[in-house]
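Asks: Letter by letter, the sequence shown follows residues 1 to 243 of UniProt numbering.
For glycine and all other residues, C-beta sits at the position ideal for the given N, C-alpha and C.
Mind having a look at this structure? Questions to follow.
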Amino acid sequence: MTQTHFGFQQVDEREKARKVRGVFDSVASKYDLMNDLMSAGLHRAWKAYTVQVANLKPGERVLDIAGGTGDLSRAFARKVGDSGVVVHTDINEAMLRQGRDRLLDEGLILPTSLADAEKLPFKSESFDLVSVAFGLRNMTHKDQALAEMCRVLKPGGRLLVLEFSRIAEPLRKPYDWYSFNILPKLGSLFAGDAESYRYLAESIRMHPDQATLKAMMKAGGFGHVDVHNLSAGIVALHAGIKC
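In structure tokens, the structure reads:
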């Protein structure tokens, strides 16, 4: 058996997928509320910045991986217009359903696909932009997922990875205290699930830092990668170009 991490635990690779699915099955219905509570609404600014960096043009094709409740898919669809395409995907059916229903309620009918980022069901060189927000850290084989994202991009296409990252050193201790003491309590109080939010805090610590992820993206086929630290590095936006 090949071992990998699930938060701070070591588990079999096949077991991790089931455990991650259980986390997001549990939090799906409260996902948007919890994002606002956990980040004090900052996740909206981080996503708005991502849309700005994307610099999409009408008619472009976009793949939103781990699209969840559809925040970025919605914003991207407004940028590419009726002549463009935004494909909203997630590996978790409960999250995908939440996002699809929310988009439909707002009058947006987008292609929706249950998709594993490590084995994307799309043709090579199909998209101008691929985005993954707060999803890469939950993937077992990140290098394989990044290579797949590169494969489906057109030459010159862009990958945007918005993810929790390594916070500036002076803030690390208070951030750790908040993550491991307050987040599980918020999860228990508002979502009835402390353990899933403890896992989310642990998964952030196990995710590659800014420099490591940049190197992984370059190894995965991206010739140029910029790193944008947001909120003192709580979150980083990695922007890669397929050369």
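1. Under a three-way DSSP split, which group does N229 fall into?
2. Take D25 as the anchor and find which of T89, E13, L96, G70 has the nearest alpha-carbon.
3. Tell me, please, which residues DSSP counts as bridged to F127.
4. With a Cβ-Cβ cutoff of 8 Å, do V51 and V62 count as a contact?
5. Using a Cβ-Cβ cut-off of 6 Å (strictly less than) and excluding sequence neighbours within five positions of V85, which residues of its own chain qualify?
6. With respect to 7 Å, is the separation between the Cβ of Y175 and the closest non-hydrogen atom of the ligand FAD below this value?
7. Taking the Cβ atom as the reference point for each residue, do F76 and L103 lie within a distance shorter than 8 Å?
8. Might you give, ordered along the chain, the residues of its own chain that have their beta carbon closer than 7 Å to the beta carbon of L33, omitting 5 neighbours on each side?
9. Between which two residues does the alpha helix (DSSP H) harbouring L72 extend?
10. Can you tell me the Cα-Cα spacing of I167 and T212, whole angstroms?
11. Hey, how far is the Cα of V27 from the Cα of I241?
12. Just grab the DSSP bridge partners of F222 for me.
13. Should F134 and E163 be called a contact, given that it needs their Cβ atoms to be closer than 8 Å?
14. Tell me whether N181 is buried or exposed, calling it buried when 16 or more other Cβ atoms sit within 10 Å of its Cβ.
15. Have a look at the DSSP bridge pairing and note the partners of D64.
16. CB-CB under 8 Å to A48, same chain, minus the five flanking residues each way: which ones, in chain order?
17. Determine the closest residue to Y175 out of A201, L108, W46, with distance taken between C-alpha atoms.
18. D12 by DSSP, collapsed to three states: which one?
19. Which residue's Cα is closest to the Cα of S124: L186, R21, M149?
20. What number of angstroms, rounded off, separates the C-alpha of M206 from the C-alpha of E15?
Replies: Let me lay it out:
1. The sequence position of residue 229 within the sequence shown is 229, counting from 1. In this structure, N229 counts as strand in the three-state DSSP scheme.
2. Residue mapping note: residue 25 aligns to position 25 of the sequence shown, counting from 1. For the options T89, E13, L96, G70, the alpha carbon positioned closest to that of D25 is the one of L96.
3. Working through the sequence shown from its first residue, we reach residue 127 at position 127. F127 pairs with L153.
4. For this step, residue 51 is matched to residue 51 along the sequence shown. For this step, residue 62 is matched to residue 62 along the sequence shown. Cβ atoms of V51 and V62: not closer than 8 Å.
5. Your numbering for residue 85 matches position 85 in the sequence shown. Excluding residues within five positions, the ones whose Cβ falls inside 6 Å are R61.
6. As far as ligands go, the structure on display features none, and thus does not contain the ligand FAD.
7. Walking along the sequence shown from the start, residue 76 turns up at place 76. Walking along the sequence shown from the start, residue 103 turns up at place 103. Contact: no.
8. Indexing the sequence shown from 1 puts residue 33 at position 33. Cβ-Cβ distances below 7 Å link L33 to F190 in the same chain, with the five nearest sequence neighbours on each side left out; the list follows chain order.
9. Looking up residue 72 in the sequence shown gives position 72. In this chain, the alpha helix (DSSP H) harbouring L72 covers 71-80.
10. Position 167 of the sequence shown, counting from 1, holds the residue named residue 167. Position 212 of the sequence shown, counting from 1, holds the residue named residue 212. Going by the C-alpha atoms only, they are around 14 Å apart.
11. The residue you call residue 27 lines up with position 27 of the sequence shown. The residue you call residue 241 lines up with position 241 of the sequence shown. It is roughly 33 Å from the alpha-carbon of V27 to the alpha-carbon of I241.
12. The residue labelled residue 222 in the question sits at position 222 within the sequence shown. Its beta-bridge partners are K242.
13. Numbered from its first residue, the sequence shown carries residue 134 at position 134. Numbered from its first residue, the sequence shown carries residue 163 at position 163. The Cβ atoms of F134 and E163 lie closer than 8 Å to each other.
14. By 1-based counting over the sequence shown, the position of residue 181 is 181. With fewer than 16 other Cβ atoms within 10 Å, it is exposed.
15. The count along the sequence shown starts at 1 and reaches residue 64 at position 64. Among the bridge pairs identified by DSSP, D64 is matched with H88, S131.
16. What you label residue 48 is simply residue 48 of the sequence shown in a count that begins at 1. Non-local C-beta neighbours of A48 in its own chain, meaning closer than 8 Å and more than five positions away in sequence, comprise A75, ordered along the chain.
17. Taking the sequence shown and counting its residues from 1, the one referred to as residue 175 is at position 175. Ranking A201, L108, W46 by Cα distance to Y175 puts A201 first.
18. Working through the sequence shown from its first residue, we reach residue 12 at position 12. When DSSP states are grouped into helix, strand and coil, D12 belongs to the strand group.
19. Taking the sequence shown and counting its residues from 1, the one referred to as residue 124 is at position 124. Nearest C-alpha to S124 among L186, R21, M149: M149.
20. Here residue 206 is taken as the residue at index 206 of the sequence shown, counted from 1. Here residue 15 is taken as the residue at index 15 of the sequence shown, counted from 1. Straight through space, the alpha carbons of E15 and M206 are spaced by roughly 17 Å.
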